[in-house]
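K.L.:
In terms of our numbering, the sequence shown is residues 4 to 432.
The beta carbon of each residue, even a glycine, is placed where N, CA and C say it ideally should be.
It should be emphasised that the depicted structure is a prediction, and the values quoted were computed from it without experimental measurement.
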Amino acid sequence: MDNNNACVVVGGHSAELKLRSSTIGPSVLDIGSLYEQTKMFTYDPGFTSTASCESSITFIDGDEGVLLHRGYPIEQLAEHGDFLEVCYLLLYGELPTAAQKKDFDYRVVHHTMVHEQMSRFFTGFRRDAHPMAVMCGCVGALSAFYHDSTDITDPHQRMVASLRMIAKMPTLAAMAYKYHIGQPFVYPKNDLDYASNFLRMCFAVPCEEYVVNPVLARAMDRIFILHADHEQNASTSTVRLAGSSGANPFACVAAGIACLWGPAHGGANEAALNMLTEIGTVDRIPEYIARAKDKNDPFRLMGFGHRVYKNYDPRAKIMQKTAHEVLGELGIKDDPLLDIAIELERIALTDDYFIEKKLYPNVDFYSGITLKALGFPTTMFTVLFALARTVGWIAQWNEMIEDPEQRIGRPRQLYTGEPQREYVPVSKR
Ligand code: ACO
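1) In chain order, what residues of the same chain have a beta carbon less than 6 Å from the beta carbon of valine 96, not counting five sequence neighbours either side?
2) Is it buried or exposed, proline 435, if we count other Cβ atoms within 10 angstroms and call 16 or more buried?
3) Do arginine 392 and histidine 150 come within 8 Å of each other at the CB atom, strictly closer than that value?
4) Would you kindly work out how many angstroms separate the C-alpha atoms of serine 58 and threonine 241, rounded to a whole number?
5) From asparagine 365 to glycine 306, what distance separates their C-alpha atoms?
6) Under 8 Å, do methionine 121 and phenylalanine 148 count as touching if we go by C-beta distance?
7) Run the proximity test for valine 394: is its beta-carbon closer than 7 Å to any non-hydrogen atom belonging to ligand 1?
8) For phenylalanine 128, which residues of its own chain have a beta-carbon under 8 Å away from its beta-carbon, when the five flanking residues on both sides are left out?
9) Along the alpha helix (DSSP H) that carries arginine 123, what are the first and last residues, could you check?
10) Going by DSSP, name the residue or residues bridged to leucine 70.
11) Which of helix, strand or coil does DSSP assign to histidine 114?
12) Once you ignore the five residues that flank threonine 385 on each side, which residues in its own chain have a CB closer than 7 Å to its CB?
13) Around the Cβ of histidine 233, are there at least 16 other Cβ atoms within 10 angstroms (buried) or fewer (exposed)?
14) With 16 as the cutoff for other CB atoms within 10 Å, does arginine 130 come out buried or exposed?
15) Bridge partners of histidine 16, per DSSP?
16) Starting from valine 31 and walking both ways along the beta strand (DSSP E), at which residues does that stretch end?
17) Any heavy atom of ligand 3 closer than 7 Å to the beta-carbon of histidine 72?
18) Can you tell me the Cβ-Cβ gap for leucine 377 and valine 311, rounded? I've got them flagged as a contact below 8 Å.
19) Work out the CA separation of aspartate 316 and tyrosine 369 for me, nearest whole Å.
20) Using 8 Å for Cβ pairs, my map puts histidine 114 next to arginine 167. What's the rounded Cβ distance?
21) Does DSSP put arginine 23 in a helix, in a strand, or in coil?
22) For glycine 308, count the other beta carbons within 10 Å of its own beta carbon; 16 or more makes it buried, fewer makes it exposed. Which is it?
23) Mind reading off the beta-carbon distance from glycine 259 to threonine 239? Whole number of angstroms is fine, and I expect it under 8 Å.
24) Helix, strand or coil: how does DSSP classify tyrosine 75 here?
25) In chain order, what are the residue ranges of uninterrupted beta strand (DSSP E) at least 3 long that sit wholly in the segment 182-219?
26) What is the DSSP secondary structure of cysteine 44, counted as helix, strand or coil?
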């Protein structure tokens, strides 16, 4: 047997499996030939030990609290970069030169408008519809408008679709918000940077001049950077799985949005803020900590815990700093929700239950407070996450399409239902 391989003996069959090395992080055992050699499948619900693909985009060390995009630490990107620079990095693998950045910004900016017919889609929804429901529908509908960028075998069309999605998501997200609150849509303004343009589309009204606050725009941009990609999370895996059948990228991203909506994933920032509001005062925190620890109570501390991070989520630290910057800029000296968040974090980080289970605040714990201060209603929080994650979904989707090993994603199962039996006519049952 090759020394680089592993031998597995099961049910009297032995199988030689290839070991594949990573650049950093765990290597993998390639089980692709296991069934052929042993007539057995592996079983791993939730993919806790299973790599679903090979990727060179993002790396996470959950024990050490490390997050790298194309090798660059998230802290450095959030401190020194801007969101479109991070988009370029995720899509192309390298940081852009000044000329490349200028060209990329130009290309994104010139796709910010959506087809005018799209506005009719919005008016088909009830005003009180959750904006994530509106986003699922409208982003999926993009494939009905941009037929010239749905041929996934053409690299040029793939890149046009990618730029379109990065550019149009803020426009669609702002439209979903404006429709929700009954205000007219605001068209994009291409001389503004990505985050400023988005804030303007959300908060400008036709009867007044809108002046962008650079501190708030920088905070918005940083929130986008922090959410840009997170390797094979549930929504990204959904996008990859949808794309593995050859579906067009707009449809795949709509699938990602649907997955992100769940409270265990992107919906957690909304749930975290709702939880802080429900707790209401610092003196009620112990009651909620006790509920979180009670096995018979389904309550969980939202914004705490992560499948991969068993240490402080590095994004949460930057998010906490951003929350303070935004509240400081807006002159919000005493935000009761921030007080509750800080105290809750302090208590949880010293509590044995949370220490033993390695439950630390995740990025969603502080993002809700920041987004609320920026003026967004809680129902928009997950929409903002989807906007930022679009580049990650698209970069991962492109990587999958270009991967020569890519096949349709088709998991197997452990069947525990009835064995074959004979049909009995209804008169005899
Ligand atoms: N509050 C209280 N207990 C918790 C929490 C929490 N937030 N999270 C996990 N636990 C406990 C579980 O009850 C479990 O206890 P047990 O071993 O006694 O059964 C143990 O910690 C492990 O939890 P799992 O659910 O098995 O961990 P998993 O990796 O499957 O789930 C998840 C991770 C979904 C993020 C979970 O921690 C959670 O529900 N957190 C709250 C929701 C949240 O903040 N989600 C945002 C994720 S980040 C993102 O999507 C950007």
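P.N.:
Based on what the coordinates show:
1) Reading off the sequence shown, one finds glycine at residue 96, where the question assumed valine. Cβ within range, chain order: Arg73.
2) Past the boundaries of the shown model lies residue 435; the chain is included only from 4 to 432, so the question cannot be answered.
3) no
4) 15 Å
5) 5 Å
6) yes
7) no
8) Ala136, Val137, Gly140, Tyr182
9) Taken as a continuous stretch (DSSP letters only), the alpha helix (DSSP H) holding arginine 123 covers 121-126.
10) Ile63
11) Coil.
12) Met135, Leu263, Trp264, Gly269, Gly270, Asn272, Glu273
13) buried
14) Around the Cβ of arginine 130, a 10 Å sphere holds fewer than 16 other Cβ atoms; the residue is exposed.
15) Val13
16) 31-33
17) This structure lacks ligand 3; the ligands present are ligand 1.
18) Their Cβ separation, rounded to whole angstroms, is 27 Å, which puts leucine 377 and valine 311 out of contact at 8 Å.
19) 11 Å
20) Under the criterion of beta carbons closer than 8 Å, histidine 114 and arginine 167 qualify as touching, at roughly 5 Å.
21) strand
22) buried
23) Yes, they are in contact, since the Cβ atoms of glycine 259 and threonine 239 sit about 7 Å apart, within 8 Å.
24) strand
25) none
26) Here residue 44 is phenylalanine; the residue named in the question, cysteine, does not match the sequence. The answer is coil: DSSP assigns phenylalanine 44 none of H, G, I, E or B.
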